[in-house]
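Participant: Last residue of the sequence shown: number 118 in my numbering, and the count goes up by one each step with no gaps. One structure follows; several queries about it will come next.
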Amino acid sequence: MVLLGEPVKNQIFIQLESNCSIKKESLPEHIEIFSRLLYRLFGAKAKLIEIKCMKAFYSKIQEDPDIGKKFFIPKDKDFTFPSYIREFRQNNIFNDT
């Protein structure tokens with residue numbers, strides 16, 4: 022979330038904890054709630070934030086050759102941020118629990 026800056030990023034985490042009872046560490050288990058919070062805070066611009074998160078995540082997993090070979094994004098598939106993460110989980114790419 023570098024694109025938003027530290028103060029905004031910190032405010033998002035404060036909102037998650039105070040309004041949704043979700044700590045930063047447990048965010049991976051609550052991606053859909055995180056997504057809804059982004060839309061509540063930023064409206065339609067939340068989509069840009071989610072795209073930036075997906076690009077950062079994808080870039081990170083591409084650094085691992087084993088994971089990078091197992092998963093690719095079909096160009097004709099329209100992912101939301103939660104469905105993107107769900108796709109990784111379904112393919113057993115990672116387990117964050």
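Even glycine gets a Cβ: it sits at the ideal position worked out from N, Cα and C. As the structure is a prediction and not an experimental result, all values here were calculated from the model.
By alpha-carbon positions, which one of 81, 58, 111 ends up nearest to residue 40?
Facilitator: Ranking the options by Cα distance to residue 40, first place goes to 58.
Participant: Check the C-beta distance from residue 62 over to residue 55 and give it rounded, since I have them as a contact under 8 angstroms.
Facilitator: Incorrect: roughly 11 angstroms between the Cβ atoms, too far for contact.
Participant: With DSSP run on the structure shown, which of helix, strand or coil describes residue 100?
Facilitator: Reduced to three states, the DSSP call for residue 100 is coil.
Participant: Where do the N-terminal and C-terminal ends of the alpha helix (DSSP H) with residue 27 fall, by residue?
Facilitator: Residues 27-41.
Participant: Using only the alpha-carbon positions, how far apart do residue 43 and residue 105 sit?
Facilitator: Taking the straight line from one Cα to the other gives about 20 angstroms.
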